[in-house]
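Everything in the sequence shown is counted per this note's numbering, starting at 74 for the first residue and increasing by one.
We put the beta carbon where it would ideally sit given N, CA and C, even for glycine.
Only one structure is covered here, and it is reproduced in the block below.
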Amino acid sequence: MPAPGRFQFAIDRGGTFTDVFARCPGGRVRVLKLLSEDPANYRDAPTEGIRRLLQQECGTPFPKDRPLDTSCIEWIRMGTTVATNALLERKGERLALLITRGFRDLLYVGTQARPKIFDLAVSMPEVLYEAVVEVDERVVLYQEGCQLSGNTQPVTGVTGDSLVVQRPVDLEALRGPLKALLAKGVCSLAVVLLHSYAWPHHEREVGSLARELGFRQVSLSSEVMPMVRAVPRGYTACADAYLTPCISRYLEGFRAGFASQLQGVPVLFMRSDGGLTPMDSFSGSRAILSGPAGGVVGYAVTTYRQEGGQPVIGFDMGGTSTDVSRYAGEYEHVFEATTAGIRIQAPQLDINTVAAGGGSQLFFRSGLFVVGPESAGAHPGPACYRKGGPLTVTDANLCLGRLLPEYFPCIFGPHEDQPLCRDSTLQAFRELTASICASLGPGAALSVEEVAMGFVRVANEAMCRPIRALTQARGHDTSRHILACFGGAGGQHACAIARTLGMGKVFIHKYSGILSAYGLALADVVHEAQEPCALAYAPEAFARLDERIGALKQECVQALEGQGFSRARIGTEAFLHLRYERTDCALMCSAKGYPATPASCRSGDFGASFLARYSEEFGFTIPGRAILVDDIRVRGTATAGLGREEPVAASQVPPRVEKVTRCYFEGGYQATRIYLLEELTWGHCIPGPSILIGQSSTILVEPDCTAAVTRLGDICITVGSGAVQPIGPQRDPIQLSIFSHRFMSIAEQMGRILQRTAISTNIKERLDFSCALFGPEGGLVSNAPHIPVHLGAMQETVQFQIRNLGSDLQEGDVILSNHPCAGGSHLPDLTVITPVFWPGEPRPVFFVASRGHHADIGGITPGSMPPHSHSLQEEGAVFISFKLVKKGLFQEEEVTKALMAPGQTPGSSGTRSLHDNLSDLRAQVAANQKGIHLVNELIGQYGLEVVQAYMAHIQANAEMAVQDMLRDFARDRGEPGRPLLVEAEDFMDDGSPIRLKVSIDPQEGKAVFDFTGSGHEVHGNCNAPRAITLSALIYCLRCMVGQDIPLNQGCLAPVRAVIPPGSLLDPSPDAAVVGGNVLTSQRVVDVILRAFGACAASQGCMNNITFGNEHVSYYETVAGGAGAGPGWHGRSGVHTHMTNTRITDPEILEKRYPVILRCFEVARGTGGAGQFRGGDSVRRELQFREQMVLSVLSERRAFRPYGLHGGESGSPGLNLLIRRDGRTINLGGKTSVAVFPGDTFRLQTPGGGGFGAPTQPAAAKEGQEMPPRGRAFAERGSVCDYRLAQETA
């Protein structure tokens, strides 16, 4: 690579440290690390880094108080966490939101789902804006069959969609509110108008007026990210308006440190998508991953190329976060992701923050070793930082001898001038070890080292789970990857992580400690152009697609040429964002590798690319289904980074051993050699155990591993299998924690297979399913995801099959069941159960099962959820113990006949989705097969006796956690030594009581939940199967425990539930139950929480709304108010307790269905008053454009959500139909009614109850407990988004 004539700087400004990579004139490389914030010594870390290196290399002084001379600087490249930190800490620009009238709370409500399903105090990230101005304007999509009167002439939008401008924007009405904002000092605006992705004219008019009035930052959603879906586009516009001024101020300050404000020096910043952009084009919404993106580029350009194109997992473990990502020849992008609670719609590298890094705190809870998610952060940091911090993973490594304080800089302590303190760490571990041994009882004799090693092993297993999820989500084998390790803390864990995942090789670049900075030096300059589209991918659209691709390519080329790049150095790549019709799963597809054919665009065969990717990710395609184009995107790149690295000199002598220390591994201490990385060179081979120490990283080479220095000076570690430590069936708290992760991983991997291979929207996209592992007696071992209404219910189903079939359960059989008497919740939830056999065992040793919600299984209404059913037969096909697979053969003919059987009942139909039913059932069978394979793998590794023993230990652990909660509650409420009795009662809207008496034994930590006195089975469908009541009970117990525990059979072990047969909580086998699943379950939760005084009632309803006709059908549930509790106000506009479903985005709703959403806002004042206020409900208005049937299934229209301890009740819900002639009709809680064009349905959901007397209102925020709990790391990426999506099914 030719030596530069001037200095080239690549700088990563992180949250704690700033890393500087510099290539000096003549080719010499310098590396520097300094604190990102050190105001006593310098104003700006990147500027200071450049100053120090220039002064050292040039030999002349560069005074701190004078701007730096730039004549010797060729270029500067930077990545920065300025935007990320401002978002995390909510320290951005003061901002106002301008939004279409009727939608002032659209971004506040968001998807309506809560992020943590077991937190009674529903805590949501704060919105970024401080004020809202509603804009008088409205644009709707034109629909051919629309029968609304006065439907004006359509106009054509930029997507090709036809639209109707129902109300032009009223600019004069905006002047006053905008001037008032300026008067208050708000100078930044985000403008979000419905359907502006297709009709941006209204936003442009508003933007022109705002700039004319003097607003300094105006972010139009149609310009920031012109994609359909108002909520994520609105969040993105807000993030842009909130963060861009912060970036601008930072850039102004950065420029001020240089002579001539850096004129003539190319300064490029890394964007979230892994490309560099000029400083003046760097904006807030594209800056979120600016820092970590450089690391991905770094390992992609180095590890992937040097290792011959083998796929790579990037493992970036720093002090405060751990990021994982993947590269296999192309950067893996996501186009929508959540950071700090804000959903941002922009191209981003798929970087997954999965743990808190070395700062992950260590806990011993209810017999389990727990690592994170709480983080010690940079301040106070780990215990060894000398600031009174907690024990962390870093402390565990220090305790084990894997970190050596003498090789760390003296930057710790209150004055940042002392070394790491090993004594503080050892003292804290002695105290924790004594506490653990006391908890485990007589005979427990763990050493400090065993405890520290246990925490390291648990931390490694916890990090392996998301890595498996990241690879398997797209159908890749984790073991076929190389682990590229970087970041300051990753080298201590790399060998163990790779071994656990079955990887044979770890690659650590010579600049691994500053790889993000080095990646900046290697990155390409990028310009992207994107526009929305509404065409089908079909021959008649190819010319238009080619035209738009050509125009976007030209835009990219011109932008890069304008930065000084010649055309020869510029490349472009076109993408189409494609999806199947009637699905939401869009893939961004390049035609790279798919040349044009006579039946494709001239730009390439995007259709073939889409089919190949769809098949790879999901295992099938959908022949005959139309493919739609959502967006057209072109990525232009210009190569301008460093060239190839030069090889290092070959070794002539063996590596010098710096010293020999003692390091603890499995089995005890071993002599461990220390080497200095700077002394190692090509050809050196270092067997483990050894420690390699560099300026910014420490690498642990474990026993049975060998490190070799490559030709380019990097470290490549060959990972051996390691010595297998025998494990007995006796309870070991460390193995208990590891087995807990392994059992959960089985359920999670089953879920990935099910989601990949299912075909229906409900399972593939809404993720409405659960997968679970059960013991030989049918007791739940692990369940994923944690959908509240499924918790515990599948256990009832498996145990029923064991009782019902007995010895008739043979290897090769798979059982299908959905009947309430067999543990079913409601009929659309089909459960597929497979026994797991082991050689030599006559009975199943485990069971695996998957429960998925099927869109239709017949019955009297489409969707199989009729609001007015009176018997089970009206709700669809029924299966009790149906053998779906016999002796390995799928019984397609028999199951088809059963699915069509409801059609024999007058007024009813067989399934309306037979093809999807059969495909999804096959997917459930495949998921179970994956579970069997993983269970057998686990048994093969540890033995059947050990695996079953730890199954029982983990169930006992959950039992212990619930017992502790019950004892604490009885001690706080009752008299010493005497049983405690609490009771509660509430009513369904028809007057049916739900009564509960709970008797708690404070010595044993056991309780009886007695529902005797609850109402009789009802004529309607609000009967709840017994399994639903048990699910509600396990959900409440988990909420009240207040910490993560394994959710399994053990949770119910200390509890006996008395549910009277014939009541609405255990109805007869033929009773209708669809309303029990979605309504009565909520009331059961309210009654349990009332008995314990945990919090006031939440809305107590799911507000089930269905509308449709012979052409279309739609179903949604709608949020309401959350109940307040001791220390928090209830959240407004959120789903609570037994449901957490997301609501359809307004633009998607209006695009696909013949309705107009007129209003979706918080109904202020509907929450109950109290010292802590109940959450407010929402108001939602739907106007119909065609004749349809509207069905409503709701509760809390008569009995209001209760308040507690003097708090007032929340407002009841109200369902109104406003006819087009103005007549208003109260529909009541449950009805089906014909609606006509122009009719409007107004839904007001119930509010939450208040807590405490309202005489002294508290100042706590919604969902904020006092005092706040420990800080958890900011989880993000596709793995996190998938888990959140599962929990909002």
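Whole-angstrom distance between E752 and S724, CA atom to CA atom
S724 and E752: Cα-Cα distance of roughly 10 Å.
Margin query: Three or more C-beta pairs under 8 Å: does that hold for the segment 322-332 against the segment 368-383?
Written below: Segments in contact, no.
I need the straight-line Cα distance from L254 to A609, nearest angstrom please. Approximately 43 Å, taken between the alpha carbons.
Item to complete: Excluding the 5 residues preceding and the 5 following R344 in the sequence, name in chain order all residues of the same chain whose CB lies nearer than 6 Å to its CB.
Response: Contacts found: T350, R359.
Q. Between the C-alpha atoms of V865 and A1126, what's the straight-line distance to the nearest angstrom?
A. Note that residue 865 corresponds to Gly in the displayed sequence, not to Val. For G865 and A1126, the distance between alpha carbons rounds to 12 Å.
Own chain partners of F1165 with C-beta closer than 7 Å, once the 5 adjacent residues on each side are dropped | Shown here for F1165: same chain residues with a beta carbon closer than 7 Å to its own, the five before and five after excluded, namely F1042, V1055, M1113 in chain order.
Look up A616 in the DSSP assignment and say whether it is helix, strand or coil. A616 falls in the helix class under three-state DSSP.
How many angstroms separate the CA atom of G218 from the CA atom of G1093? Distance between G218 and G1093, taken at the CA atoms: about 36 Å.
Assigned secondary structure, D389 (DSSP; H/G/I helix, E/B strand, else coil) = Here D389 sits in strand by DSSP.
Practice task
Inspect the beta-carbon positions of T467 and G431 and report whether they are closer than 8 Å.
Solution key: Contact flag set, yes.
Determine the direct distance from the alpha carbon of E1234 to that of G852, and round the result to whole angstroms.
-> Their Cα atoms are separated by approximately 44 Å.
Query raised in the report: Should the segment 808-821 be regarded as contacting the segment 409-425, the criterion being three or more beta carbon pairs within less than 8 Å?
Result: The segment 808-821, when compared against the segment 409-425, does not touch it at the 8 Å Cβ threshold.
Please name the residue, chosen from G577, G516, E405, S394, that lies closest to T465 on a Cα-to-Cα basis.
-> Closest by alpha carbon: S394.
Inset, instruction - Express the C-alpha separation of F436 and V104 in angstroms, rounding to a whole number. - result: When rounded, the separation of the alpha-carbon atoms in V104 and F436 is 37 Å.
Check: Out of curiosity, what's the CA-to-CA distance linking N835 and H926?
Finding: Spanning the two alpha carbons is a distance of roughly 7 Å.
Worksheet entry | Close Cβ partners of I695 (< 6 Å) along its chain, the five nearest in sequence each way excluded | Counting only Cβ-Cβ distances below 6 Å, and skipping sequence neighbours, we find Y653.
Are at least three pairs of beta-carbons, each pair with one atom in the segment 826-834 and one in the segment 897-915, less than 8 Å apart? The segment 826-834 vs the segment 897-915: no contact.
What are the start and end residues of each continuous beta strand (DSSP E) run of 3 or more residues lying completely inside the segment 708-774, in chain order?
Taken in chain order, the complete beta strand (DSSP E) segments of 3 residues or longer contained in the segment 708-774 are 732-738, 741-749, 758-760, 763-766, 771-774.
Once the 5 residues before and after E1220 are set aside, which same chain residues still bring their CB inside 8 Å of it? Closer than 8 Å at Cβ, skipping near neighbours: L267, H268, Y270, V301, R302, A303.
Please confirm whether C260 and G165 have their CB atoms less than 8 Å apart.
In this structure, G165 does not lie closer than 8 Å to C260 by Cβ.
For L1290 and V195, the rounded distance between their alpha carbons: Approximately 31 Å between the Cα atoms of the pair.
Just how far apart, CA to CA, sit A659 and L160? Each residue's Cα considered, the two are about 28 Å apart.
What is the rounded straight-line gap between the Cα of S552 and the Cα of L180?
C-alpha of S552 to C-alpha of L180: approximately 41 Å in a straight line.
| query | Based on the DSSP output, what are the partners of S261 in its beta bridges? | reply | For S261, which the question treats as bridged, DSSP gives the partners L168, Q290.
* To do: Just grab the DSSP bridge partners of A1080 for me.
  => A1080 is bridged to I1073, V1128.
- Task: For the alpha helix (DSSP H) holding A950, just list the boundary residues, first then last.
- Result: Premise fails: A950 is in no alpha helix (DSSP H) and is neither H nor E.
Tell me whether the beta-carbon of I149 lies closer than 8 Å to the beta-carbon of R79. In this structure, R79 does not lie closer than 8 Å to I149 by Cβ.
L625 and L607 - do their beta-carbons sit closer together than 8 Å?
With the sequence shown as reference, residue 607 is identified as Ala, and Leu is not the correct amino acid for it. Contact: no.
task = For S1136, collect the residues of the same chain with a Cβ closer than 8 Å to its Cβ; drop the 5 residues on either side in sequence, then sort them by chain order.
result = F1084, S1087, G1088, H1089, E1090.
Alpha helix (DSSP H) segment containing R675, residue limits: Where R675 is concerned, there is no enclosing alpha helix (DSSP H), given that its DSSP letter is neither H nor E.
Where P605 falls: helix, strand or coil (DSSP)
Note: P605 maps to strand in three-state DSSP.
query = Just how far apart, CA to CA, sit S398 and L473?
reply = Taken atom to atom, the span from the alpha-carbon of S398 to that of L473 is near 28 Å.
(request) Closer than 8 Å by C-beta to P1341: which residues in its own chain qualify, once you throw out the five before and the five after it? Chain order, please. (result) Because P1341 sits at a pLDDT of 35, beneath the cut-off of 50, its placement in the model cannot be relied upon, and the following sentence gives the value as read from the coordinates. Here P1341 has no same chain residue with a Cβ atom under 8 Å from its own Cβ, once five neighbours each way along the sequence are excluded.
- Query: Which class does P446 belong to by DSSP, given the choice of helix, strand or coil?
  - Reply: In this structure, P446 counts as strand in the three-state DSSP scheme.
Quiz item: So is N425 buried or exposed if we call it buried at 16+ other beta carbons inside 10 Å?
Solution: Around the beta carbon of N425, a 10 Å sphere encloses 16 or more other beta carbons of the protein chains shown; the residue is thus reported as buried.
* To do: Please report the residue range of the alpha helix (DSSP H) in which D16 lies.
  => Since the first and last residues shown for the chain are 74 and 1362, residue 16 lies out of range.
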